[in-house]
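These notes concern the structure reproduced below.
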Amino acid sequence: MTENSKNSSKARPGGKVSSSRKSSSRRPANPRELVLLLLKSILREQQTLDEALGNNLAAFEAMEKRDRAFTRLLISTLMRRLGQIDKAINACMSRKLPVKMVDVRDILRLGAAQLLFLDTPPHAAVSTSLDLARGPRLAGHKPLMNAVLRRISREAEELLAGMDDSRDNMPKWMWEKWCKIYGEETTRAIALAHLVEPPLDLSVKSAPEQWAEKLGGTVTSGNSIRLQQGSGDPSQLPGFNDGEWWVQDFAASLPALLLGPVKDLRIADICAAPGGKTAELAAAKANVTAVDVSSKRLKRLRENIKRLNLDVEVLTTDATTWQVEQPFDAVLLDAPCSATGTLRKHPELGRIKRQADVNQLSQIQSRLLENTLSLVKPGGLIVYATCSLEPEEGVEQIEKLLEENPALVERLPIRAEELGPEPWLASLVTAEGDLRCLPCHQKEEGGIDGFYACRLKRI
């Protein structure tokens, strides 16, 4: 479980999960059949990839390692490149495919993804796609699918040359909104970062240089190391079973640093699961209380903390109303959010998130922030963080809190050197003194997730 995976699931209240449970009993004969099921679960039932895979876990785990890898590659490519894939399909049809023929489109998408981006031999991409068109309702459309896929195969280079691979693959509402916020040039850079499979970042308890050498990676900064793409299953790497490190994007490791030295401090990590920041604080010798409203997510946190041999108090409660007798020295609020900063790792979120999700989650964030003021002692620190690129979930939350509570809380601007000695880290500090990471930062090294964080002081 990665640090960012908590937002890809918990950030979507009301998500439909149970309706696909019936698919878990199926046993796809090949990766493409499973990918077709995953595609339907994501696009029609608004599930994350983790949820969709979880509902088909038996079928996935029954596959050989090579087939599991191809399954992940194909569904990831579909999510990253869906705009271009659909554009190619539309360009190769004389008339628009009716909405009711969505199953036909999904099969075409699988074939087109292989032909355009995966270098699958044309005969294999076409024939395996047509094999998925079973039953009288789909079999009758095989001639159409065959014609479209063969045309895509012939004209692939020309089709791609006429596309904008940054804009074409971004949802319209995101593109237009981010252009207004960050400018078109930066938005293009963010969009391009989403198209590349990211490297694997790990947070280590100690000796980052030694672990980087042992695992064949590099030290990003502090206790964070980076392994390049194709590192395989993290649980199979040295040090995992011994609890020496945990998976956590470099950007996700920064908010905890804003609390400064935490040894022996009482700290509440609110919305803590699956526990990346909890582990970071506990490894730094803080006395951590990990809080989350979901007992299911906290089960995973407990498993992670146990593997890491760390001592943490775990509490299941609603942090919007939680009250304590003894306020904490500091609070880290990693609020549930739309997770639009994590599309490089969870590209399916671009297909299931809407502005309405941002609006709904911003209300939850406001309640969490307000209640946090009562949880920290005077003079104590609050760090608010989200892995979102939306201002409603970041700086606008802080401005609202400061405006409504001028006698209770103030912003404590961060300094670049608090993040680490590397010069590029200064670019992550905003004019207000907040942290703002973008997926296009450090693009030559593989990028980082989008994060916002602000440090506050209780007056």
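Residue 1 is where the sequence shown starts when you use the UniProt record's numbering, and the numbers rise one by one after that. Cβ coordinates follow ideal geometry from the N, Cα and C atoms, glycine included.
Note down the Cα distance separating residue i from residue j, rounded to an integer number of angstroms.
{"i": "I225", "j": "D334", "result": "22 Å"}
{"i": "A283", "j": "R150", "result": "56 Å"}
{"i": "D449", "j": "D103", "result": "33 Å"}
{"i": "Q365", "j": "I398", "result": "10 Å"}
{"i": "T430", "j": "T220", "result": "21 Å"}
{"i": "L159", "j": "C437", "result": "34 Å"}
{"i": "G162", "j": "F117", "result": "15 Å"}
{"i": "A435", "j": "R44", "result": "Correcting the residue identity first, residue 435 is Leu in this sequence and not Ala. Going by the C-alpha atoms only, they are around 35 Å apart."}
{"i": "G83", "j": "T186", "result": "19 Å"}
{"i": "L310", "j": "V262", "result": "15 Å"}
{"i": "H447", "j": "L298", "result": "One point to set straight first is that residue 447 is Gly, not His, in the sequence displayed. Cα-Cα distance, rounded: 29 Å."}
{"i": "P121", "j": "L115", "result": "7 Å"}
{"i": "S235", "j": "G350", "result": "27 Å"}
{"i": "P421", "j": "L281", "result": "20 Å"}
{"i": "I305", "j": "T316", "result": "15 Å"}
{"i": "M1", "j": "P255", "result": "The predicted model places M1 with a pLDDT of 39, which falls under 50 and marks its position as unreliable, so this point remains unresolved."}
{"i": "D318", "j": "G232", "result": "36 Å"}
{"i": "N55", "j": "R302", "result": "23 Å"}
{"i": "S166", "j": "M174", "result": "12 Å"}
{"i": "E444", "j": "W178", "result": "22 Å"}
{"i": "N30", "j": "Q210", "result": "41 Å"}
Pick out whichever of the options has its Cα sitting closest to the Cα of residue i.
{"i": "P143", "options": "R154, A156 and S129", "result": "S129"}
{"i": "L259", "options": "N241, V288 and D50", "result": "V288"}
{"i": "C92", "options": "T186, N146 and P136", "result": "N146"}
{"i": "K353", "options": "G433, P199, I42 and S127", "result": "I42"}
{"i": "Q360", "options": "N371, E392 and F60", "result": "E392"}
{"i": "I107", "options": "K87, L369, T317 and L138", "result": "L138"}
{"i": "K377", "options": "I152, G433, L265 and Q248", "result": "L265"}
{"i": "N90", "options": "A112, I75 and L78", "result": "A112"}
{"i": "D292", "options": "D269, R344, L310 and L343", "result": "D269"}
{"i": "I152", "options": "A88, T186 and R455", "result": "A88"}
{"i": "H441", "options": "C454, S427 and G433", "result": "S427"}
{"i": "Q355", "options": "L368, A339 and I414", "result": "A339"}
Residue i: buried (16+ other C-beta within 10 angstroms of its C-beta) or exposed?
{"i": "P423", "result": "exposed"}
{"i": "E157", "result": "exposed"}
{"i": "T321", "result": "exposed"}
{"i": "E33", "result": "buried"}
{"i": "H123", "result": "exposed"}
{"i": "I459", "result": "exposed"}
{"i": "T71", "result": "buried"}
{"i": "L57", "result": "exposed"}
{"i": "E390", "result": "buried"}
{"i": "V383", "result": "buried"}
{"i": "A59", "result": "buried"}
Please tell me whether residue i and residue j are closer than 8 Å, where the distance is taken between their beta carbons.
{"i": "L402", "j": "A416", "result": "no"}
{"i": "G276", "j": "A251", "result": "no"}
{"i": "R300", "j": "G243", "result": "no"}
{"i": "L53", "j": "L132", "result": "no"}
{"i": "L195", "j": "N169", "result": "yes"}
{"i": "A290", "j": "V312", "result": "yes"}
{"i": "residue 484", "j": "P238", "result": "Residue coverage of the chain in this structure runs from 1 to 459, which leaves residue 484 outside it and unanswerable."}
{"i": "S206", "j": "W246", "result": "no"}
{"i": "A193", "j": "P347", "result": "no"}
{"i": "K457", "j": "L412", "result": "yes"}
{"i": "L257", "j": "E418", "result": "yes"}
{"i": "P327", "j": "G394", "result": "no"}
Return the Cβ separation of residue i and residue j in integer angstroms, given the expectation that the two are a contact with Cβ distance under 8 Å.
{"i": "A279", "j": "S294", "result": "Their Cβ separation, rounded to whole angstroms, is 18 Å, which puts A279 and S294 out of contact at 8 Å."}
{"i": "G341", "j": "S374", "result": "So it is not a contact: roughly 28 Å between Cβ atoms."}
{"i": "R109", "j": "I85", "result": "5 Å"}
{"i": "Y452", "j": "T386", "result": "5 Å"}
{"i": "L39", "j": "L78", "result": "6 Å"}
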